[in-house]
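Asks:
Numbering (the working numbering), first residue to last: 11 to 512.
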């Protein structure tokens, strides 16, 4: 996200070249397994991460494609291959400590940097330590990973870094869930309550409930996350009121819950969560059948699909070729293919690019407006309506509509939690979906925005559930269409239609 963000960060060193590759002359075996370098800190501070990127050039370095700010458009910044690795202090043998230690540096200080080239340079790993010698370059033995990061699978590490840790730092999210639990307790008006936390909120809803005397089961998906949460339980003296169980709530039975009985409250993620298998629409049917009491409550209790219209030429470059050409080269076939693949009818997650820290230039032509409500306490209690069509009107400003944006918000009592936040972690973890918009009668090889004037713009929303759905994903599917929009193209070039699930 570094090339397309306004996030504040500070360089603590100059860039150095750690690997130069001649694609004409070198073979994979010419890439070393690892090398060491010396790099000098340019300012006092803490090294939080190492950032890798590539400079690419033709012969004689006359034309260089690099990460220089402004050298590419927004779509180019998004597509650039950045590699970011968090850093901590390593010891004299290049091993990490039992618990992470910050790497503090002073201006002018030299550091030794060991770089491991993985799979002949496909990926890289780096470790840093204060320099103890004047050696400029050399090799080291293959890194030994600390035992605390040996067990998780690659997908588990990815989910932890890209979702669980950013969510763990989202203070306002935790405040919302705490207030929602208080509201549920007040609504139930009972003593000796029990709670099952199936959310991805770092165990904090369960810990909060336990601190209030509610018997809680915190249920992360991964064993290594459960180990961390169990340590937190011990450190805060919650052993008598909290149990941590790793697993899938759809495979859980009430006999394993506190007192062998169903719980009064279950905590779930908001709809649209990017965590695989954690959507409330996926887990609530099984939870309601096996784990939640008949009069039990779901936290959060209400969800709403919000929709807005967006003007952004930069965003349009993400799903179409501007003007259908590059210089004298006709590229309209790419736009026709995008239409055949449903770009005008499919909601695609563009989560981080619409957040507060994104450098994307855009303008809301309509404010996000709730167009479809979901009562999570009623979900899965009775068969849902298979298909319903809603004709809506959105207040809009003058402009060009490049896209429809859809996202979920959740509610509990008077409190709301949604995509809006100045916290970078919310940008990275709260899904926002984009569907391209085109004007009627446009060339199939072009994607031209839809002009609108101040007033009310008609929007048709089709909601499909159960047997009416096109996909097998849990929860409702949505089809969004503005007035007089062109239909997407089929493989044969004919008009067709499709739907999207969130």
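Each residue gets a CB set at the ideal place from its N, CA and C atoms; glycine is no exception.
How big is the Cα-Cα spacing for residue 44 and residue 127?
Replies: Taking the chain shown and counting its residues from 1, one reaches residue 44 at position 34. Taking the chain shown and counting its residues from 1, one reaches residue 127 at position 117. Approximately 6 angstroms, taken between the alpha carbons.
Asks: Need the endpoints of the beta strand (DSSP E) that residue 422 sits in, please.
Replies: Numbered from 1 along the chain shown, position 412 holds the residue referred to as residue 422. Run containing residue 422: 413-422, per the beta strand (DSSP E) assignment.
Asks: In three-state terms, what does DSSP make of residue 397?
Replies: As a position in the chain shown, residue 397 is number 387, starting the count at 1. Residue state, collapsed to three classes: strand.
Asks: What I want to know is whether the C-beta of residue 25 ends up closer than 6 angstroms to one or more non-hydrogen atoms of the ligand MG.
Replies: This structure does not include the ligand MG; it has no bound ligands of any sort.
Asks: Between the beta-carbon of residue 194 and the beta-carbon of residue 267, is there less than 7 angstroms?
Replies: As a working mapping, residue 194 is identified with position 184 in the chain shown. As a working mapping, residue 267 is identified with position 257 in the chain shown. Not in contact: residue 194 and residue 267 (Cβ atoms no closer than 7 angstroms).
Asks: Check whether the region 314-330 and the region 359-372 touch, using three or more Cβ-Cβ pairs below 8 angstroms as the test.
Replies: Touching, per the Cβ criterion.
Asks: Assuming residue 123 contacts residue 46 (C-beta within less than 8 angstroms), just tell me the rounded distance between them.
Replies: Within the chain shown, the letter at position 113 stands for residue 123. Within the chain shown, the letter at position 36 stands for residue 46. With a Cβ gap of about 7 angstroms, residue 123 and residue 46 count as contacting.
Asks: Out of 106, 41 and 119, which one is the CA nearest neighbour of residue 22?
Replies: Numbered from its first residue, the chain shown carries residue 22 at position 12. Of the candidates 106, 41 and 119, the one whose C-alpha sits nearest the C-alpha of residue 22 is 119.
Asks: In the structure shown, what three-state DSSP assignment does residue 240 receive?
Replies: Against the chain shown, residue 240 aligns to sequence position 230. Three-state result, residue 240: helix.
Asks: Going by beta carbon distance, what residues of the same chain come within less than 6 angstroms of residue 251, once the five residues before and after it are set aside?
Replies: The residue given as residue 251 occupies position 241 in the chain shown. Once the five neighbours on either side are set aside, the close Cβ partners of residue 251 are 220 and 225.
Asks: Taking the DSSP output, what are the residues bridged to residue 224?
Replies: One-based indexing of the chain shown puts residue 224 at position 214. Residue 224 is not bridged to any residue.
Asks: For residue 336, which residues does DSSP report across the bridge?
Replies: Here residue 336 refers to the residue found at position 326 when the chain shown is read from its first residue. Answer by DSSP bridge pairing, in chain order: 339.
Asks: Compare the beta carbon distance of residue 319 and residue 355 with 7 angstroms and say whether it is the shorter of the two.
Replies: Here the question's residue 319 lines up with position 309 in the chain shown. Here the question's residue 355 lines up with position 345 in the chain shown. No, the pair does not count as a contact, with Cβ atoms beyond the cut-off.
Asks: Tell me residue 20's beta-bridge partners as DSSP assigns them.
Replies: Position 10 of the chain shown, counted from the first residue, corresponds to residue 20. BP columns for residue 20 are empty, so no partner.
Asks: Cβ atoms of residue 178 and residue 232: under 7 angstroms apart, would you say?
Replies: Counting from 1 along the chain shown, the entry for residue 232 is found at position 222. Counting from 1 along the chain shown, the entry for residue 178 is found at position 168. It is not a contact, given that the beta carbons lie outside the stated cut-off.
Asks: Using the DSSP secondary-structure output, state which residues sit across from residue 383 in a beta bridge.
Replies: In the chain shown, the residue the question calls residue 383 occupies position 373. Answer by DSSP bridge pairing, in chain order: 314.
Asks: With a threshold of 6 angstroms on Cβ separation, who are the neighbours of residue 373 within its own chain once the five nearest residues in sequence on each side are excluded?
Replies: Taking the first residue of the chain shown as position 1, residue 373 is located at position 363. The residues are 321.
Asks: Looking at the unbroken alpha helix (DSSP H) that takes in residue 297, where does it start and where does it end?
Replies: Working through the chain shown from its first residue, we reach residue 297 at position 287. Here the alpha helix (DSSP H) through residue 297 covers 290-300.
Asks: Give every residue of the same chain whose Cβ lies closer than 8 angstroms to the Cβ of residue 255, excluding the five residues on either side of it in the sequence, and list them in chain order.
Replies: Mapped onto the chain shown, residue 255 falls at position 245. So the qualifying residues of the chain are 227, 228, 229, 236, 262 and 266.
Asks: For residue 492, which option in 404, 419 and 408 has the closest C-alpha, if you only look at C-alpha atoms?
Replies: Position 482 of the chain shown, counting from 1, holds the residue named residue 492. Comparing Cα-Cα distances from residue 492 to each of 404, 419 and 408, the minimum goes to 404.
Asks: Given a cut-off of 7 angstroms on the beta-carbon distance, is the pair residue 471 and residue 490 in contact?
Replies: In the chain shown, residue 471 corresponds to position 461, counting from 1. In the chain shown, residue 490 corresponds to position 480, counting from 1. For residue 471 and residue 490, yes; Cβs fall inside 7 angstroms.
Asks: Keeping to the same chain, check which residues put their C-beta closer than 6 angstroms to that of residue 389; ignore five residues upstream and five downstream.
Replies: What you label residue 389 is simply residue 379 of the chain shown in a count that begins at 1. Within the same chain, residue 389 has close Cβ partners 294.
Asks: Identify which residue in 464, 469 and 488 has its Cα closest to the Cα of residue 513.
Replies: Outside the modelled stretch of the chain, which goes from 11 to 512, sits residue 513, for which no answer is possible.
Asks: Taking C-alpha atoms, which residue in 140, 406 and 427 lies nearest to residue 463?
Replies: Numbered from 1 along the chain shown, position 453 holds the residue referred to as residue 463. Checked all of 140, 406 and 427; the closest Cα to residue 463 is 406.
Asks: Over what stretch of residues does the beta strand (DSSP E) that includes residue 127 continue unbroken?
Replies: The residue labelled residue 127 in the question sits at position 117 within the chain shown. Residues 120-128.
Asks: Please report how far the alpha carbon of residue 117 lies from the alpha carbon of residue 453, in whole angstroms.
Replies: Within the chain shown, numbered from 1, the residue matching residue 117 stands at position 107. Within the chain shown, numbered from 1, the residue matching residue 453 stands at position 443. Straight-line Cα distance between these residues: approximately 58 angstroms.
Asks: Leaving out five residues on either side along the sequence, give the residues of the same chain with a beta carbon under 6 angstroms from the beta carbon of residue 214.
Replies: By 1-based counting over the chain shown, the position of residue 214 is 204. Excluding positions up to five away in sequence, the list reads 184.
Asks: Pick helix, strand or coil for residue 67, following the three-state DSSP scheme.
Replies: Here residue 67 corresponds to residue number 57 of the chain shown, with the count starting at 1. Looking at residue 67 - three-state DSSP - the assignment turns out to be strand.
Asks: Could you compute how far the alpha carbon of residue 27 sits from the alpha carbon of residue 94?
Replies: The count along the chain shown starts at 1 and reaches residue 27 at position 17. The count along the chain shown starts at 1 and reaches residue 94 at position 84. Cα to Cα, residue 27 sits roughly 16 angstroms from residue 94.
Asks: How would you label residue 104, buried or exposed, when you count the other beta carbons within 10 angstroms and need 16 or more for buried?
Replies: Within the chain shown, numbered from 1, the residue matching residue 104 stands at position 94. Per the 10 Å Cβ criterion, buried.
Asks: I'd like to check one pair, residue 191 with residue 309: are the Cβ atoms closer than 7 angstroms?
Replies: On the chain shown, residue 309 is found 299 positions in, with the first residue counted as 1. On the chain shown, residue 191 is found 181 positions in, with the first residue counted as 1. Yes, these two residues count as a Cβ contact at 7 angstroms.
Asks: So, for residue 302: in the same chain, excluding its five sequence neighbours on each side, which residues have a beta-carbon less than 7 angstroms away from its beta-carbon?
Replies: Stepping through the chain shown from its first residue, residue 302 is reached at position 292. If we look at residue 302 and ignore the five residues flanking it on each side, its Cβ neighbours are 272, 273 and 276.
Asks: If you count every other CB in all the chains shown that lies within 10 Å of the CB of residue 367, and 16 or more means buried, which is it?
Replies: Position 357 of the chain shown, counted from the start, is the residue given in the question as residue 367. When all chains shown are included, residue 367 counts as buried.
Asks: Look up residue 60 in the DSSP assignment and give the residues it is bridged to.
Replies: As a first step, residue 60 is located in the chain shown; it is residue number 50 there, counting from the start. Residue 60 is bridged to 95.
Asks: Who are the near neighbours of residue 114 in its chain, counting only those whose CB is closer than 7 angstroms to its CB and skipping five residues on each side?
Replies: Looking up residue 114 in the chain shown gives position 104. Closer than 7 angstroms at Cβ, skipping near neighbours: 56.
Asks: Between the C-alpha atoms of residue 448 and residue 415, what's the straight-line distance to the nearest angstrom?
Replies: The residue you call residue 448 lines up with position 438 of the chain shown. The residue you call residue 415 lines up with position 405 of the chain shown. Approximately 14 angstroms, taken between the alpha carbons.
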